[in-house]
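Data first, discussion second: the structure below is written as structure tokens.
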Amino acid sequence: GTRVAMIGGSKFHASVPAHIIGRLSGSQFVLHHNHPLPYTLSSGDIEFLNQVRELEEITARDTEGGVSTASIVGRTPDKPHKWQDFGAFSNRYWDQLSRKTAGLIKPGNDPEIRKAAIFLRQHAYSLGMDAGGYIKYGFTLSDRQQKWADTYSAELAEMTRVAKDEIKRVAD
12 GTRVAMIGGS KFHASVPAHI IGRLSGSQFV LHHNHPLPYT LSSGDIEFLN
62 QVRELEEITA RDTEGGVSTA SIVGRTPDKP HKWQDFGAFS NRYWDQLSRK
112 TAGLIKPGND PEIRKAAIFL RQHAYSLGMD AGGYIKYGFT LSDRQQKWAD
162 TYSAELAEMT RVAKDEIKRV AD
């Protein structure tokens, strides 16, 4: 591909200015961006994917080499947005997933376990969206993420089960 723009952001957030999106209007593109933490795609990434009709796929590379991608299943020129109100949809889904999985990992004051818990919930969020047929989610875990996934494999399996159940409930 061709680099069209290099955009900065804050410590925890990046955005693409409207004038850059305007320059790409009518052209399909893939967005690659860096995540400042060792996490997979965020709900904000999926929301941006939904909002920008020309955006075919979004890819995030995290601080430790993990890579995650998403595209919207069933997007066509006639139906460019999967959700009319993704924010409300995502908030209901995330809230239910968080509420029902909150006690699975108890980080206490350990920042490493807290990061693992956030990563696993975000990963389960995307796995549920994929299983529900909303996005196509791809990922290559970093060594650290793989360690978290292995250490908390039972918890991740339960989070993913809940995510798959909740995506169905929220979508109805």
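Heads up: the sequence shown is residues 12 to 183, going by the numbering used here.
Positions of the beta carbon are idealized from the N, C-alpha and C atoms, including for glycine.
Bear in mind the structure is a predicted one, so any value in this text is a computation, not a measurement.
Item	Value
Nonlocal neighbours in the same chain, by C-beta distance under 6 Å from L35, ignoring five residues either side	E65
Alpha-carbon to alpha-carbon, T80 and D73	11 Å
Alpha-carbon to alpha-carbon, L152 and V63	27 Å
In chain order, each alpha helix (DSSP H) run of at least 4 residues that lies wholly inside the region 88-139	97-112
Sequence-distant residues of the same chain with beta carbon closer than 8 Å to I116, five excluded per side	I124, A127, A128, L131, Y163 and E166
Which of helix, strand or coil DSSP assigns to V41	strand
beta-carbon P91 near the ligand GTP non-hydrogen atom, thresh 7 Å	No copy of the ligand GTP appears in this structure; indeed no ligand is present at all.
Span of the beta strand (DSSP E) around E169	It is not in any beta strand (DSSP E) - E169 instead sits in the alpha helix (DSSP H) that spans S164 to A182.
Residue nearest to E11 in terms of C-alpha spacing, selected from Y145, P122 and W105	Nothing can be reported for residue 11: it is not among the residues displayed for the chain, which extend from 12 to 183.
Residue from L138, H46 and K147 whose Cα sits closest to the Cα of R86	K147
Three-state secondary structure assigned by DSSP to L152	coil
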